[in-house]
Amino acid sequence: AMDLAGRVYVVTGANSGIGKEITSFLARKGGKVYMICRNEGRAEKAKTEVEEAVAAAQSAGSVSTVIADCSLKGSVAAAAATIAAAEPNGVDALVCNAGVLLNERTLTSEGVETTFACHLLFGTYYLTKQLEAPLRAAAAAGRAPRVVLVSSGGMYNTRFPRWETAASLPNDAPPDYDGNMAYAYAKRGQVLLAEQWARDEAAKGGPLKFVSAHPGWVSTPAVDAAYGDQKKYLEPMRTQWQGAEGICWLATAPAEGLEAGALYLDRSPPA
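Under the working numbering, read the sequence shown as residues 52 to 322, first letter to last.
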């Protein structure tokens, strides 16, 4: 049986859907999981449910919540600092899964378009940079740290546009904001970021693994809200565990078996 005792994981968007499934799996297998969640009430409810599953599995795993909004730079920085201070021996895996899918263009309190900020700029790029030292500390301790960026099938619809378009900057924002396209751009950006980070790491012979993952079309609250009646075109939908399983594998499998920079569906990169 897999034993993740002594391993430390950070999962964003951990209080529902795929993020909660990933959190539960890692903790049931003995890992210590930090759930980064935006809403404290929902986070505590999810934490309690995961702890019940951990107890039922007679596991020594644990979960703790870190309340942060992945679309805000300041919030992400504070969360990362909290985790880094608590884990001097490092972090084994960061799973960037937090997401929003909005129908209207909104700016965060810091003035950045929310979808881009949450999925790509702060929730993925900046959070990873802020946790780079703990990830490298795990490598120095002989463990095999990795970063898993949870993308989406939505990104197959698009090539990555100019940065101005992806960031939905005011001068470039089309008059009709398309939430699905903003989401697709951000998700495409995650795939490109994993590729670039993997290239950079290889160039310096570094130990960090970067991969992206597409969970398939999973029936989650976010998908239900976004697609509504159109959801039938995505059938057959997967269960949340089917969507999470491949990501759990990426977070825990021996690093030498992972193709750096690849986009995975389940346990293999698409051809």
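Ideal placement from N, C-alpha and C gives every residue a C-beta, glycine not left out.
Query	Result
Length at least 3, wholly inside the region 130-177: the beta strand (DSSP E) runs in chain order	144-147
CB contact flag (residue 169, residue 122, <7 Å)	yes
Whether residue 173 touches residue 127 by CB criterion (7 Å)	yes
Residue range of the unbroken beta strand (DSSP E) whose run includes residue 10	A query on residue 10 cannot be resolved here, the shown segment of the chain reaching from 52 to 322 and no further.
Selected residue, minimal CA-CA separation from residue 243, among 263, 227 and 234	263
Cβ pair count under 8 Å reaching 3, the region 98-113 against the region 133-141	no
Alpha-carbon to alpha-carbon, residue 234 and residue 288	19 Å
Nonlocal neighbours in the same chain, by C-beta distance under 8 Å from residue 164, ignoring five residues either side	156, 157, 158, 218, 219, 220, 224 and 233
Between the CA atoms of residue 103 and residue 300 - distance to the nearest angstrom	22 Å
Exposure label - residue 214; buried when at least 16 CB within 10 Å	exposed
Length of the line joining the Cα atoms of residue 260 and residue 96	32 Å
Helix, strand or coil at residue 123 according to DSSP, with G and I counted as helix	coil
Counterpart residues of residue 87 in DSSP-defined beta bridges	63 and 117
Cβ pair residue 78, residue 105 closer than 7 Å	yes
Counted within 10 angstroms of its Cβ, other Cβ atoms place residue 305 as buried (16 or more) or exposed	exposed
Inter-residue CB distance, residue 246 and residue 297 (contact presumed, cutoff 8 Å)	Not confirmed; about 18 Å, so no contact.
Terminal residues of the alpha helix (DSSP H) in which residue 233 lies	230-254
7 Å Cβ cutoff met for residue 130 and residue 119	yes
Residue 23 in three-state terms, based on DSSP	Nothing can be reported for residue 23, as the shown portion of the chain is limited to 52 through 322.
For residue 75, the first and last residue of its enclosing alpha helix (DSSP H)	68-79
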